[in-house]
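Residues in the sequence shown are numbered from 8 upward in steps of one, following my numbering.
All C-beta atoms in this analysis are idealised placements derived from N, C-alpha and C, irrespective of residue type, glycine included.
Source: prediction; values computed, not measured.
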Amino acid sequence: MVVFAILFMLLAILNIFFPAMGWYMRYGWMVKGDSEPSDAYLIMSRISSVIVLIVFLIFFVPLIFS
Numbered sequence: 008m009v010v011f012a013i014l015f016m017l018l019a020i021l022n023i024f025f026p027a028m029g030w031y032m033r034y035g036w037m038v039k040g041d042s043e044p045s046d047a048y049l050i051m052s053r054i055s056s057v058i059v060l061i062v063f064l065i066f067f068v069p070l071i072f073s
């Protein structure tokens with residue numbers, strides 16, 4: 008359970024600082040030529056990652072370490 012928590016937090020933090028990497032892994036390989044994620048996608052990806060990380064820290068971390 009602790010390994011899952013650490014992995015989840017690392018992925019959320021990685022997505023906060025490098026949201027384009029997630030876009031390339033999910034959508035970028037399907038597009039031929041040069042294609043970039045939109046600014047709206049990058050902002051929403053960062054915002055959702057911050058929200059998910061906060062919810063995770065509030066609800067699941069106390070359960071794991073209690």
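Residue of 12, 16, 43, 15 minimising C-alpha distance to residue 27: 43
Please say whether residue 61 and residue 12 have beta carbons closer to each other than 7 Å? no
What's the C-alpha gap between residue 55 and residue 69? Cα to Cα, residue 55 sits roughly 21 Å from residue 69.
Rounded distance between the beta-carbons of residue 63 and residue 24, thought under 8 Å: About 17 Å separates the beta carbons of residue 24 and residue 63, which is beyond the 8 Å limit, so they are not a contact pair.
Start and end residues, alpha helix (DSSP H) containing residue 41: Segment: none, residue 41 is in no alpha helix (DSSP H) and carries neither H nor E.
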